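To start, the structure itself, in C-alpha cells.
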Amino acid sequence: MEVQAAKAIGAGIAVIALLGVGLGLGNIFSNLITAVARNPAARDQVFPIGILGFALTEAVALFALLIAFLILFT
1 MEVQAAKAIG AGIAVIALLG VGLGLGNIFS NLITAVARNP AARDQVFPIG
51 ILGFALTEAV ALFALLIAFL ILFT
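Just so we're aligned, residue 1 is where the sequence shown starts under full-length UniProt numbering, counting upward by one.
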C-alpha cells in the first residue's frame with residue numbers, strides 16, 4: 001500500500017505545475033487584451049505572439065499531466 005500512496009503523492013506534486021500554467025495563461029491573455037485595448041491597430045502584430053505564448057504555456061501543462069499519469073499508471 002505504501003507504493004500506491006507514494007505514487008499518489010508524486011502525481012500530486014507533478015500537477016502543482018498546473019498552478020503556474022493557469023497564472024501564466026491569465027497573464028498572457030490579460031496583457032494581450034490590454035495591448036489591443038490601448039492600440040487596436042497593433043492587433044495583427046500582437047495576436048500571433050499571444051497565441052504562440054498560449055501554445056507554449058499549454059505545452060507545459062500537457063507535460064505535467066503526462067508526468068503525473070506516468071507516475072500513477074506505471
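Just so it is clear, CB atoms sit at the ideal spot from N, CA and C, and this is done for glycine as well.
On a predicted model such as this, the values are computed, not experimentally measured, just so you know.
By the neighbour-count criterion, in which a residue is buried when 16 or more other Cβ atoms sit within 10 angstroms of its Cβ, Ala37 is exposed. Between Leu18 and Ala61, the CB-CB gap stays under 8 Å.
DSSP, reduced to helix, strand and coil, places Asn31 within a helical segment of the structure shown. In terms of Cβ geometry, Ala35 and Ala42 form a close pair [threshold 8 Å]. Contact between Ile28 and Phe54 is confirmed by a C-beta separation of about 6 Å, below the 8 Å threshold.
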